[in-house]
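Q: Going line by line, the protein sequences match chains L and D. Taken in order, the first sequence gives residues 118 to 413; the numbers are from our numbering. Taken in order, the second sequence gives residues 118 to 413; the numbers are from our numbering. Just so it is clear, CB atoms sit at the ideal spot from N, CA and C, and this is done for glycine as well.
There are 2 protein chains.
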Amino acid sequence: MNKTDISAHFRDLQLHICQALEQLDGLATFNEDTWERQEGGGGHTRTLQGGLILEKAGVAFSAVHGPVTAAMKQQLGHEGERFFATGVSIVLHPKHPQHPIMHMNVRYFELEDSNYWFGGGIDLTPHYVDLEKATAFHTSLKEVSDRYDTSFYPKFKEWADRYFFLPHRGESRGVGGIFFDQLDESCGLSKDQLFAYCQDLGRLFPVVYTQQVEGVVLQEPTAAELAWQALRRGRYVEFNLLHDRGTKFGIYSGGRTESILMSLPPIANWVYNHEPAENSEEQKTLSFLRATHDFC
Amino acid sequence: MNKTDISAHFRDLQLHICQALEQLDGLATFNEDTWERQEGGGGHTRTLQGGLILEKAGVAFSAVHGPVTAAMKQQLGHEGERFFATGVSIVLHPKHPQHPIMHMNVRYFELEDSNYWFGGGIDLTPHYVDLEKATAFHTSLKEVSDRYDTSFYPKFKEWADRYFFLPHRGESRGVGGIFFDQLDESCGLSKDQLFAYCQDLGRLFPVVYTQQVEGVVLQEPTAAELAWQALRRGRYVEFNLLHDRGTKFGIYSGGRTESILMSLPPIANWVYNHEPAENSEEQKTLSFLRATHDFC
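(1) Kindly provide the ranges of any beta strand (DSSP E) runs that are 3 or more residues long and lie completely inside the segment 186-235 of chain L, ordered along the chain.
(2) By how many angstroms is the C-alpha of L/Arg-352 removed from the C-alpha of L/His-216?
(3) Using the beta-carbon of each residue, which ones in chain L are nearer than 9 Å to D/Tyr-280?
(4) Among D/Asn-119, D/Ile-134 and D/Lys-120, whose alpha-carbon lies nearest the alpha-carbon of D/Val-325?
(5) Name the chain L residues that come within less than 7 Å of D/Ser-374, Cβ to Cβ?
(6) Sort L/Gly-143, L/Leu-144, L/Ile-377 and L/Phe-178 by Cα distance to L/Gly-160 and report the nearest one.
(7) Would you call the segment 187-207 of chain L and the segment 225-237 of chain L touching, i.e. three or more CB-CB distances under 8 Å?
(8) Return the residue from the list L/Tyr-389, L/Ser-268, L/Ile-295 and L/Gln-155 that minimises the CA-CA distance to L/Arg-279.
(9) Going straight from the alpha carbon of L/Val-330 to that of D/Tyr-389, what length do you get?
(10) Please classify D/Val-333: is it buried, with 16 or more other beta-carbons within 10 angstroms of its beta-carbon, or exposed?
(11) Short check: CB of D/Phe-412 to CB of D/Thr-252, under 9 Å?
(12) One question on the structure: do D/Gly-168 and D/Ala-145 come within less than 9 Å of each other, judged by their Cβ atoms?
(13) Name, please, each residue of chain D whose Cβ falls closer than 8 Å to the Cβ of L/Glu-355.
(14) Tell me, which residues are paired with L/Ala-386 by DSSP?
(15) Is DSSP giving L/Asn-119 helix, strand or coil here?
(16) I'd like the list of long-range same chain contacts for L/Val-354, defined as Cβ closer than 8 Å, with 5 residues on each side in sequence excluded.
(17) Pairs of beta-carbons, one from the segment 289-309 of chain D and one from the segment 236-248 of chain D, closer than 8 Å: are there three or more?
(18) Under 7 Å Cβ-Cβ, which residues of chain L neighbour D/Asn-414?
(19) Please state the DSSP three-state secondary structure of D/Pro-271.
(20) To the nearest angstrom, how far is the alpha carbon of L/Gly-305 from that of L/Trp-234?
(21) Examine chain D for any beta-carbon lying closer than 9 Å to the beta-carbon of L/Ile-218, and answer yes or no.
(22) Judging by CA-CA distance, which residue of D/Ile-218, D/Cys-315 and D/His-285 is the nearest neighbour of D/Ser-124?
(23) Can you give me the C-alpha to C-alpha distance between L/Leu-403 and L/Val-261, rounded to a whole angstrom?
(24) Could you tell me how far apart the beta carbons of L/Lys-212 and L/Glu-172 are, in whole angstroms, since I believe they sit closer than 8 Å?
(25) What does a CB cutoff of less than 6 Å around L/Ser-376 pick up in its chain, not counting 5 residues either side in sequence?
(26) Is the beta carbon of D/His-244 sitting closer than 9 Å to the one on D/Gly-293?
(27) Could you give the first and the last residue of the continuous alpha helix (DSSP H) run that contains L/Gly-319?
(28) How would you list, in chain order, the residues of chain L whose beta-carbon sits under 7 Å from the beta-carbon of D/Ala-385?
(29) Just confirm the distance between the C-beta atoms of L/Arg-290 and L/Phe-356, as a whole number of angstroms; I'd bet it's less than 8 Å.
(30) Compare the C-beta of D/Leu-381 against all C-beta atoms of chain L and say whether one is closer than 9 Å.
(31) Distance cutoff 9 Å, beta carbons only. Does L/Gly-351 sit that close to anything in chain B?
(32) Should L/Ser-257 go down as buried or exposed, given a rule of 16 or more other Cβ atoms within 10 Å for buried?
(33) By the DSSP assignment, the alpha helix (DSSP H) with D/Glu-342 in it spans what residues?
(34) I believe D/Leu-141 touches D/Ile-170 by the beta-carbon criterion, under 8 Å. Please report the beta-carbon distance rounded to the nearest angstrom.
(35) Cβ atoms of L/Gly-363 and L/Leu-130: under 9 Å apart, would you say?
(36) Provide the residue span of the beta strand (DSSP E) that contains D/His-255, from first to last.
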């Protein structure tokens, strides 16, 4: 499994996910933007807006290469003059506040055909936490992870709890998920197995999102629900711009702005010192996000 | 003029500005939140929402002190074990897209009663650039600055052009203004004079904002204007969370989140790869922001 195969499979994964999401949405379809990177490589950024279920969605594929920059050197902790990186990134912002935001990223990184590693993450950000849905989400991640190594889920779940956290708010971004980086053969699995793990996570994504949406009985959203959704989207923006390593690295190192910031939501709002009413659904969600939880 | 005097005058300045803005708005009034900082000092954060002219405004005063932290040491470039910092920060987000966003900050910093300096900045972010209004704004800043030192305006205007810039967008945040930091007696003015400069800038703020708003003939905003305002507010969020030194320093060093992020707008939006129509007012503004301009 070389870098060309991996990026070809990631591109297929992107198309597969888009197709599944279009089917789920039932109305909107993805547009594709193809771009090239001056230093080498490029990508296909697929976005959708104004769907029945998805208000704004982005599914991006890229495969880029070139000389290792000073900024990259600092972050990598490995020697090497040239790099290759490929991956798929997804963020879904649903229209209805009772549907969750969901994110995924799987990526492969290689330094001069020697060192390589995989990284990835999936996390779920409900506007309103539903414990049953959160548990179903984590159970699916655990099932896929356990097929490869039973140490993966607990380790990567804890990593996600640390990573998808807003220290300045004392809040988790959502109900977590899994996060991993620099995963290579030293964990005991072959390169092919690690790649298969990433592929399985990618293929799980639309299945799991469909489960999250299925069975949620929707009424026309109330003004209070929409206001809360806009505030939670504001938190999502804060996380991505202040804390998310991928976003910051991409922006500061001159990555393609529109592909990086496709993760930002439609209609976000900031209200000074907003505190939800005692015992409201909004307050219950906030309390939940202020602690760490085990789901399975 | 010692630190106690300076912070007392800054607190007066805050109240003066709030009164002037309330008079301009004609409907909404400021609420005050008083807070204390565990390590020493505190502040009064004054916010307003839902005005006739101002949709969301924040005018914050703080006076904090304590041990110099490792993160501060790195940023300061001066030795000292204890610090004192006081200042006033303002951001106005108007309701109407034909009114501009405006920001100001004046601040005083002291290390162990020895080294001290002033810093500050005012900048104007119209949703639609009006060259006459931008020129009037810069002329006012130049007039006040020239009373102290004719080198201030050109130097601080250029500093603002560099500072209020989004490299990942290749755009200025707005039509600029002035920005300065570490201003002390080495510039040839006394501490009292430098403080008077900051005070004059502070008192200028509501006068200049009133000028910006006066004479703008308002119609009910169109859907296109509101959509553009939401996109420009998105850029404002990007600047503050990705680039603004004060915001990032405050957030990463454990400052009071709500006071720091009161600068964030109501209702911001992100649309993938948005480009305004050829020759539209939106496109003219965008072209203007993609270059640097001299106004006076």
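A: The answer reads as follows:
(1) Secondary structure in the segment 186-235 of chain L: the beta strand (DSSP E) runs of 3 residues or longer, each lying completely within the stretch, are 199-211 and 218-228 in chain order.
(2) Computed Cα separation, rounded: 16 Å.
(3) Those within 9 Å of D/Tyr-280 in chain L number zero; the least Cβ separation is about 16 Å.
(4) D/Ile-134
(5) According to the sequence as given, residue 374 of chain D is Thr; it is not Ser. Correct list: His-285 and Arg-286.
(6) L/Phe-178
(7) yes
(8) L/Ile-295
(9) 24 Å
(10) Per the 10 Å Cβ criterion, exposed.
(11) yes
(12) Yes, the pair counts as a contact, with Cβ atoms nearer than the cut-off.
(13) L/Glu-355 reaches chain D at Leu-358 and Leu-378, counting residues in chain order whose Cβ is nearer than 8 Å.
(14) Note on identity: in this sequence residue 386 of chain L is Asn, with Ala being the wrong assignment. For L/Asn-386, which the question treats as bridged, DSSP gives no partner whatsoever.
(15) coil
(16) Taken in chain order, the residues that qualify are Leu-381, Pro-382 and Ala-385.
(17) yes
(18) The structure shown has nothing for residue 414 of chain D, since chain D only spans 118 to 413.
(19) helix
(20) 13 Å
(21) no
(22) D/Cys-315
(23) 29 Å
(24) 4 Å
(25) Thr-162 and Ala-177
(26) no
(27) That run of the alpha helix (DSSP H) goes 308-330.
(28) Ala-385
(29) 5 Å
(30) yes
(31) As a matter of chain content, chain B is missing from the structure shown, whose protein chains are L and D.
(32) Buried.
(33) 340-355
(34) 6 Å
(35) Not a contact, by the Cβ cut-off of 9 Å.
(36) Per DSSP, D/His-255 belongs to no beta strand (DSSP E); it is in the alpha helix (DSSP H), 248-263.
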